[in-house]
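Structure first, then comments.
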Amino acid sequence: MRAEVVLDMPDGMVRGNFSGKVCRHNLFARECPASLEGPSEAWDLAQVVIDHGCCIFERLDSGRSELGLRDVVVQALFRRLLITAEAIRSLLAQGLEEPAFATCRTLHELERDLRLVITDPSDTAARRLAAFFAVKGRRHFAKAPKNPDTREFIQGNAAFFDWFRRKSRSFRDGLDSDTFRDLAQELKQADHWHGFPNQQEAFEAAGMAGTYHLEYGGSSLFVHGNNLEHDFADVDDTRIQLKPFAQRDPGQTLHHLGRMTLALINIYSLIWEDRGKPAYQEPVKLEDESGPTYDMDALVALTAQATSVFRAWRRPAST
Numbered sequence: 161m162r163a164e165v166v167l168d169m170p171d172g173m174v175r176g177n178f179s180g181k182v183c184r185h186n187l188f189a190r191e192c193p194a195s196l197e198g199p200s201e202a203w204d205l206a207q208v209v210i211d212h213g214c215c216i217f218e219r220l221d222s223g224r225s226e227l228g229l230r231d232v233v234v235q236a237l238f239r240r241l242l243i244t245a246e247a248i249r250s251l252l253a254q255g256l257e258e259p260a261f262a263t264c265r266t267l268h269e270l271e272r273d274l275r276l277v278i279t280d281p282s283d284t285a286a287r288r289l290a291a292f293f294a295v296k297g298r299r300h301f302a303k304a305p306k307n308p309d310t311r312e313f314i315q316g317n318a319a320f321f322d323w324f325r326r327k328s329r330s331f332r333d334g335l336d337s338d339t340f341r342d343l344a345q346e347l348k349q350a351d352h353w354h355g356f357p358n359q360q361e362a363f364e365a366a367g368m369a370g371t372y373h374l375e376y377g378g379s380s381l382f383v384h385g386n387n388l389e390h391d392f393a394d395v396d397d398t399r400i401q402l403k404p405f406a407q408r409d410p411g412q413t414l415h416h417l418g419r420m421t422l423a424l425i426n427i428y429s430l431i432w433e434d435r436g437k438p439a440y441q442e443p444v445k446l447e448d449e450s451g452p453t454y455d456m457d458a459l460v461a462l463t464a465q466a467t468s469v470f471r472a473w474r475r476p477a478s479t
């Protein structure tokens with residue numbers, strides 16, 4: 161290693177060069193990613209499904225000249241769903257099963273929020289979700305200066321202090337706007353944007369009770385770092401064997417990939433139906449082995465393909 165550095169030392173700024181070796185050991189099997197294991201069609205299909213979602217996103221985004229707040233919120237959630245799904249696919253492809261499993265919680269939350277917004281015949285759920293960021297922002301910005309160290313940092317950095325003040329004012333102005341004024345007081349007292357007392361009830365209201373109990377809740381022990389058993393591969397009276405850093409067993413990675421892929425297709429269908437099932441591509445043709453040919457929607461075709469490809473890798477979720 162040789163690199164030029166600038167250090168802030170007690171006697172002033174020091175500019176120099178480091179030289180020498182820094183020990184390294186690649187425990188992540190980067191040269192042999194998990195995507196090389198298992199059937200290539202599974203990894204290829206997951207990417208096709210995500211890219212198909214991007215196609216739907218672009219077509220829906222340009223499909224209306226004027227979008228109301230509800231549609232904008234749906235489109236924003238759709239964008240974040242696609243980014244999160246791509247993150248999960250990339251993590252699994254590198255064998256990073258644990259962070260992929262944790263990121264799946266975000267995907268579940270986004271799907272839940274999308275369903276709550278779409279199933280609300282009014283725009284109230286969309287407005288609550290859009291406004292709650294300002295509520296949380298105001299709470300944070302009001303609490304941060306009460307800490308002496310934080311207050312000293314803010315006051316000692318003019319540029320940051322100016323940004324801090326502008327951002328706090330923008331939260332206040334947003335809640336005071338005509339769009340959110342009728343919701344502001346209630347949201348200020350709420351713990352969650354959706355108004356339910358806890359996440360379980362919100363998932364149940366979105367029709368995702370099974371997802372909450374089997375996946376979202378089941379992954380919380382790992383996400384919050386208090387499930388050390390997850391890191392143990394084998395334990396007996398004399399030794400503890402930890403798991404490898406990268407998971408390359410398709411039996412462990414592909415069931416996550418398959419669940420995500422099928423969930424994405426269902427989400428696409430939900431958004432597509434909410435927008436009135438616009439025609440965004442030609443039908444896909446299914447050629448029956450016995451002779452007949454059928455036309456079907458792309459989402460139906462992807463569902464059939466995903467179900468076939470991932471059938472062998474489906475197993476109950478675990479922590």
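In this text, residue positions in the sequence shown follow the working numbering: the first is 161, and each later residue adds one.
C-beta atoms are modelled at their ideal positions from N, C-alpha and C, and glycine is treated no differently.
Check: When DSSP labels each residue in this structure, what does residue 456 get in the three-state scheme?
Finding: strand
Check: How big is the Cα-Cα spacing for residue 261 and residue 460?
Finding: 27 Å
Next item on the list: Hey, could you find the ends of the beta strand (DSSP E) residue 447 is sitting in?
Entry: 444-447
Notebook entry, point to check: Closer than 8 Å: is that where the CB of residue 414 sits relative to any heavy atom of the ligand GTP?
Noted result: No copy of the ligand GTP appears in this structure; indeed no ligand is present at all.
Item checked: Beta-carbon contacts of residue 270 that lie in its chain and below 7 Å, excluding the five residues immediately before and after -> 237, 240, 241, 244
Next item on the list: Assign residue 169 to one of three DSSP states: helix, strand, or coil.
Entry: strand
Note to self: Quick check for students: name the residue ranges of the beta strand (DSSP E) that lie wholly in the segment 391-445, counting only runs of 3 or more.
What the structure shows: 392-395, 400-402
Next item on the list: Could you tell me whether the Cβ atoms of residue 324 and residue 301 are closer together than 9 Å?
Entry: yes
Margin query: Here's a check: name, in chain order, each residue in its chain whose Cβ is nearer than 7 Å to the Cβ of residue 443, leaving out the five neighbours to either side.
Written below: 455, 456, 457
Next item on the list: Alpha carbon to alpha carbon, how far is residue 413 from residue 250? Give it in angstroms, no decimals.
Entry: 12 Å
Notebook entry, point to check: What distance in whole Å lies between the Cβ atoms of residue 285 and residue 417, which are believed to be in contact at a cut-off of 8 Å?
Noted result: Contact doesn't hold; Cβ gap of about 31 Å is too wide.
Check: According to the neighbour-count rule (16 or more other Cβ atoms, all chains shown, within 10 Å of its Cβ), is residue 420 buried or exposed?
Finding: buried
Item checked: Beta-carbon gap between residue 193 and residue 423 smaller than 9 Å -> no
Next item on the list: Take residue 311 and list the residues in its own chain whose beta-carbon comes closer than 6 Å to its own, dropping the five residues that flank it on each side.
Entry: 305
Next item on the list: Would you list the residues sitting across from residue 176 in a DSSP beta bridge?
Entry: 165
Check: With a CB to CB cut of under 8 Å and the five nearest residues on each side skipped, what residues in its chain are close to residue 267?
Finding: 241, 244, 245, 248, 420, 423
Notebook entry, point to check: How long is the line joining the alpha carbons of residue 362 and residue 448, rounded to whole angstroms?
Noted result: 43 Å
Check: Using the beta-carbon count (16 or more within 10 Å), is residue 345 buried or exposed?
Finding: exposed
Notebook entry, point to check: From residue 216 to residue 462, what does the alpha carbon distance come to, in whole angstroms?
Noted result: 14 Å
Check: Whose CA, out of 167, 258, 208, 349, lies closest to the CA of residue 387?
Finding: 258
Check: In whole angstroms, what separates the C-alpha of residue 316 from that of residue 322?
Finding: 11 Å
Checklist line | Separation of residue 369 from residue 479, as counted between CA atoms | finding: In this prediction, residue 479 has a pLDDT of 41, which is less than 50 and means its spatial position is unreliable; what the coordinates show is noted afterwards. Looking at the two C-alpha atoms, the distance is approximately 18 Å.
Item checked: residue 233 versus residue 343: straight-line alpha-carbon distance, rounded -> 16 Å
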